[in-house]
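*Asks:* Chains as they are written, first to last, in the working numbering: chain A, 43 to 230; chain B, -7 to 532.
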Ligand code: HEM
Ligand SMILES: [Cu+2]
Ligand SMILES: [Cu+2]
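1) What does the alpha-carbon distance come out to for the pair residue 150 of chain B and residue 129 of chain B?
2) Output needed in chain order: residues of the stretch 162 to 191 of chain A with a Cβ under 7 angstroms from some Cβ in chain B.
3) Anyone know if the C-beta pair for residue 119 of chain B and residue 98 of chain B falls short of 8 angstroms?
4) Ignoring anything shorter than 4 residues or poking outside the stretch 17 to 55 of chain B, list the alpha helix (DSSP H) runs there in chain order.
5) Looking only at DSSP bridge pairs, what is residue 127 of chain A linked to?
6) Is there a Cβ from chain B that is less than 8 angstroms from the Cβ of residue 139 of chain A?
7) Would residue 272 of chain B count as contacting chain A if we go by Cβ distances under 8 angstroms?
8) On a Cα-Cα basis, can you pick out the residue from A:140, A:118 and A:98 that is closest to residue 214 of chain A?
9) Using a Cβ-Cβ cut-off of 8 angstroms (strictly less than) and excluding sequence neighbours within five positions of residue 523 of chain B, which residues of its own chain qualify?
10) Beta carbon of residue 426 of chain B: closer than 7 angstroms to some heavy atom of ligand 2?
11) Distance, Cα to Cα, residue 423 of chain B vs residue 196 of chain B?
12) In the structure shown, what three-state DSSP assignment does residue 142 of chain B receive?
13) At a cut-off of 7 angstroms, is residue 169 of chain A close to ligand 2 when judged by its beta-carbon and the heavy atoms of the ligand?
14) Would residue 113 of chain A and residue 125 of chain A be called neighbours here (beta carbons separated by less than 8 angstroms)?
15) Got a sec: is the Cβ-Cβ distance from residue 453 of chain B to anything in chain A below 8 angstroms?
16) Starting from residue 525 of chain B, follow its DSSP beta bridges and name the residues at the other end.
17) Grab me the residues of residue 2 of chain B's own chain with a C-beta within less than 7 angstroms of its C-beta, minus the 5 sequence neighbours each way, in chain order.
18) Buried or exposed: residue 62 of chain A, going by 16 or more other Cβ atoms within 10 Å of its Cβ?
19) With a threshold of 7 angstroms, establish whether the CB of residue 215 of chain B neighbours any heavy atom of ligand 2.
20) Looking only at its own chain, which residues have a Cβ that is under 6 angstroms from the Cβ of residue 167 of chain B, when we skip the five neighbours before and after it?
21) Between the alpha carbons of residue 204 of chain B and residue 252 of chain B, how many angstroms are there, rounded?
22) On a Cα-Cα basis, can you pick out the residue from B:495, B:124, B:101 and B:108 that is closest to residue 116 of chain B?
23) Can you determine whether any heavy atom of ligand 4 sits closer than 7 angstroms to the C-beta of residue 419 of chain B, and answer yes or no?
24) Assuming contact is defined by CB atoms lying nearer than 8 angstroms, are residue 110 of chain B and residue 50 of chain B in contact in what I supplied?
25) Do we get a CB-CB distance below 8 angstroms when we pair residue 126 of chain A with the residues of chain B?
26) For residue 195 of chain A, is the beta carbon positioned less than 7 angstroms from some heavy atom of ligand 2?
27) Expressed to the nearest angstrom, what Euclidean distance is found between the alpha-carbon atoms of residue 40 of chain B and residue 93 of chain B?
28) Can you give the Cα-Cα distance for residue 371 of chain B and residue 403 of chain B, rounded to whole angstroms?
29) Listing by chain order, which chain B residues have their CB less than 7 angstroms from the CB of residue 95 of chain A?
30) Is residue 200 of chain A a contact residue of ligand 2, with contact defined as CB to any heavy atom under 7 angstroms?
31) Assign residue 340 of chain B to one of three DSSP states: helix, strand, or coil.
32) Can you grab the Cα-Cα spacing for the pair residue 55 of chain A / residue 260 of chain B, in whole Å?
33) In the DSSP assignment, find the beta strand (DSSP E) that holds residue 204 of chain A and state where it starts and stops.
34) Sorted by chain position, which residues of the same chain lie with C-beta nearer than 6 angstroms to residue 131 of chain A's C-beta, five sequence neighbours on each side aside?
35) Against chain C, which members of the stretch 184 to 208 of chain B pass a CB distance test of less than 8 angstroms?
36) When every heavy atom of ligand 2 is checked, does at least one fall within less than 7 angstroms of the C-beta of residue 350 of chain B?
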């Protein structure tokens, strides 16, 4: 075999190995994309799909996020809706109360700068951007207390912006919800 | 042929000087918010420090390294004196002035908005103007890289552009275009408010503009490292580049797919709908491709070096590698960190998994591992490799260099592994203080302590790096010869036009950005009533 032959056959081997690797890489990547699509269709925790706006300079005055409407409410279908706002440097309500094993919709916004809501030990994690409404579906499998820090820098008091979530028994929640109004666990 | 050595040294020295300062701030931050630090009675100081640390490490330091390295590549790979030296110095001084202009308001506590800006928080005007000057200075470099390549092409019609220069110019175009997002945000939105011409701002739109920059800037940081993988490492350890065309394809892929994916940074945001979030998520999966290709080509190139040195067996060749060579060490450390960091990155980019770590300390742990670790350790290697050619003196402290690299690697692992862990536990990022006395936070105390110790190891390593380079300026004179780049196993004499030019790929990059960003931006810009009052930092 001449040097020329060895050279061209080594080029071929190199090209073949390389091609195989490229194919494997493409398979890995399409596999991951399919996995994401599959999990998405079967409803894992999903990013927020819809865009809704709200004017932060008027939320205190009227509409969904007036103070008297903040907190948890039991809907007719048995689900729960929680409404909250973030402002420098606290959440209102600072303590959110919800029932265990219940589909919950969290609707929240910011009254000033960008904040975030993160409930430790869960996948609940969303940004609060002033001007827009964040919505996230959640469901707690265990009763107990969860910490709810603000997860985005919102100026000098950011490190002190920690809320709380109290997950209670379903019956207890239903009982408290009977009297109507918006529930929270502030001061408990 | 390195003629403009002063220019290149000026870039590197300014880069490493600001890096040293920012590194010290990083170590202090890690310490002060750990259980071994004491409660900082004024958290405001933490955010001054964090703004400075992020601005320097994110904008100033990597940009200067890319620029200095780019000038070195242009002169030595093209074997052509740099065209436009005056302009290059202008760019350099713009960056120096910009950095000083930005850092003064930060130090005074007037610009504690962090390097991500996130309006409606608004800081002092001069902070933003300083950042703009830094970007403008770097754009001069982009233009010069393009011009120098064109001059060379004229003199060498039809010849294959050297790989190092091909990649360098691809990186510069990527930077030019990715910086446009933040530039639009600054010029159209933030600066008018900071200058007092307006007092409302669309915070959602600003986040979209910023995401345009935020993802691909990561690939700009990575470019010098990848160029070193392909064109320095094989030469330094006595091997060959396994495939020149695979290398070109990887750089082109970065150019094309790094841009239209930034909205993955806003998965948790309310101002983007599911459609574009999912499209960007799917495109994001593609950026794994150039990295997987690179891992293959570099491992194969390293294996060639080992076999040339007599290595045998399926894995036995690994022992035949020149492990006492700093370049070999740096590459190995870089690859280990890239492996762990890359695995973490796959979690971040996932449409669903992201929710469990978004804006937690996992994220800061992740980018320190990949950026501060895998990328920066190769910046060190580049500096060590170039230094004798720039100073005309020998770097004699090879043992010290090895120790420095070891410390950086160990320090990075000790710092970032626990950092990831507390993120999984739900510890939020960017906090000046944690109440470790709270039983729910107490379990994180030990991990944060480890990270703080790791921070001091890193600081030690960083100081050693600067000392080694400084001593290299006074070492005995020694002629280092011409600065050369690695050659491929089959060094091409001609390359297909598509792999020898950038126009097609730049066009594709811009087109994909427009399809993936055009609608979300237009939609937000035309939605009424989303501008909110600005909140001025330090105005209380
Ligand atoms: C001694 C080594 C280092 C330590 C201990 C350190 C520590 C830190 C800390 C504590 C934070 C803030 C995290 C938070 O509050 O959530 C931070 C942020 C950051 N670090 Fe480092 N760092 C180091 C080196 C580096 C290096 C080498 C780079 C890159 C070249 C880097 C880039 C950044 C960036 C871009 C941020 C983001 C700033 C922000 O969140 O606004 N750091 N670092
Ligand atoms: Cu906050
Ligand atoms: Cu990204």
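Glycine included, each C-beta is placed from N, C-alpha and C at the ideal position.
Quick caveat: nothing in here was measured; it's all calculated off a predicted structure.
*Replies:* Reading from the atomic positions:
1) The residue you call residue 150 of chain B lines up with position 158 of the second chain. The residue you call residue 129 of chain B lines up with position 137 of the second chain. So the alpha carbons of these two residues sit roughly 32 angstroms apart.
2) 162, 163, 165, 167, 168, 169, 171, 172, 173, 174, 175, 176, 189 and 191
3) Taking the second chain and counting its residues from 1, the one referred to as residue 119 of chain B is at position 127. Taking the second chain and counting its residues from 1, the one referred to as residue 98 of chain B is at position 106. In this structure, residue 98 of chain B lies closer than 8 angstroms to residue 119 of chain B by Cβ.
4) 35 to 47
5) What you label residue 127 of chain A is simply residue 85 of the first chain in a count that begins at 1. Its beta-bridge partners are A:134 and A:151.
6) Numbered from its first residue, the first chain carries residue 139 of chain A at position 97. By this cut-off, residue 139 of chain A is not an interface position.
7) The residue you call residue 272 of chain B lines up with position 280 of the second chain. Chain A contact via Cβ: absent.
8) As a position in the first chain, residue 214 of chain A is number 172, starting the count at 1. Ranking the options by Cα distance to residue 214 of chain A, first place goes to A:140.
9) Here residue 523 of chain B corresponds to residue number 531 of the second chain, with the count starting at 1. Counting only Cβ-Cβ distances below 8 angstroms, and skipping sequence neighbours, we find 192, 193 and 194.
10) Working through the second chain from its first residue, we reach residue 426 of chain B at position 434. Result no, Cβ not under 7 angstroms from ligand 2.
11) Mapped onto the second chain, residue 423 of chain B falls at position 431. Mapped onto the second chain, residue 196 of chain B falls at position 204. The alpha-carbon atoms of residue 423 of chain B and residue 196 of chain B are separated by roughly 23 angstroms.
12) Here the question's residue 142 of chain B lines up with position 150 in the second chain. Of the three classes helix, strand and coil, the one that applies to residue 142 of chain B here is helix, per DSSP.
13) One-based indexing of the first chain puts residue 169 of chain A at position 127. It does not: the Cβ of residue 169 of chain A is nowhere closer than 7 angstroms to a heavy atom of ligand 2.
14) As a first step, residue 113 of chain A is located in the first chain; it is residue number 71 there, counting from the start. As a first step, residue 125 of chain A is located in the first chain; it is residue number 83 there, counting from the start. Closer than 8 angstroms, so yes.
15) By one-based count along the second chain, residue 453 of chain B stands at place 461. Judged by the 8 angstroms Cβ criterion, residue 453 of chain B is not in contact with chain A.
16) Counting from 1 along the second chain, the entry for residue 525 of chain B is found at position 533. Its beta-bridge partners are B:192.
17) Indexing the second chain from 1 puts residue 2 of chain B at position 10. Correct list, in chain order: 84.
18) Within the first chain, the letter at position 20 stands for residue 62 of chain A. It counts as exposed.
19) Within the second chain, the letter at position 223 stands for residue 215 of chain B. It does not: the Cβ of residue 215 of chain B is nowhere closer than 7 angstroms to a heavy atom of ligand 2.
20) By one-based count along the second chain, residue 167 of chain B stands at place 175. Within the same chain, residue 167 of chain B has close Cβ partners 212.
21) Translated into positions along the second chain, residue 204 of chain B becomes position 212. Translated into positions along the second chain, residue 252 of chain B becomes position 260. Rounded to whole angstroms, residue 204 of chain B to residue 252 of chain B spans 8 angstroms at the Cα level.
22) Translated into the one-based positions of the second chain, residue 116 of chain B becomes position 124. Among B:495, B:124, B:101 and B:108, the Cα nearest to that of residue 116 of chain B is on B:101.
23) You won't find ligand 4 in this model; what it holds is ligand 1, ligand 2 and ligand 3.
24) Taking the first residue of the second chain as 1, we reach residue 110 of chain B at position 118. Taking the first residue of the second chain as 1, we reach residue 50 of chain B at position 58. Against a cut-off of 8 angstroms, the Cβ pair of residue 50 of chain B and residue 110 of chain B comes out as no contact.
25) For the purposes of this step, residue 126 of chain A is taken as the residue at position 84 of the first chain. Not one chain B Cβ lies under 8 angstroms of residue 126 of chain A.
26) Along the first chain, one-based indexing puts residue 195 of chain A at 153. At least one heavy atom of ligand 2 is nearer than 7 angstroms to the Cβ of residue 195 of chain A, so yes.
27) Taking the first residue of the second chain as 1, we reach residue 40 of chain B at position 48. Taking the first residue of the second chain as 1, we reach residue 93 of chain B at position 101. For residue 40 of chain B and residue 93 of chain B, the distance between alpha carbons rounds to 15 angstroms.
28) In the second chain, residue 371 of chain B corresponds to position 379, counting from 1. In the second chain, residue 403 of chain B corresponds to position 411, counting from 1. Rounded to the nearest angstrom, the two C-alpha atoms are 16 angstroms apart.
29) Position 53 of the first chain holds residue 95 of chain A. Here the neighbours are 519, 521 and 522.
30) Translated into positions along the first chain, residue 200 of chain A becomes position 158. Checking every heavy atom of ligand 2 against the Cβ of residue 200 of chain A, one is found closer than 7 angstroms.
31) Looking up residue 340 of chain B in the second chain gives position 348. Looking at residue 340 of chain B - three-state DSSP - the assignment turns out to be helix.
32) Translated into positions along the first chain, residue 55 of chain A becomes position 13. Translated into positions along the second chain, residue 260 of chain B becomes position 268. Each residue's Cα considered, the two are about 46 angstroms apart.
33) On the first chain, residue 204 of chain A is found 162 positions in, with the first residue counted as 1. Residues 204 to 210.
34) To locate residue 131 of chain A, count along the first chain from 1; it is residue 89. For residue 131 of chain A, where only same-chain residues beyond five positions count, the Cβ hits under 6 angstroms are 199, 202 and 203.
35) Of the protein chains in the structure, A and B, none is chain C.
36) Position 358 of the second chain, counted from the start, is the residue given in the question as residue 350 of chain B. Flag unset: Cβ of residue 350 of chain B not near ligand 2.
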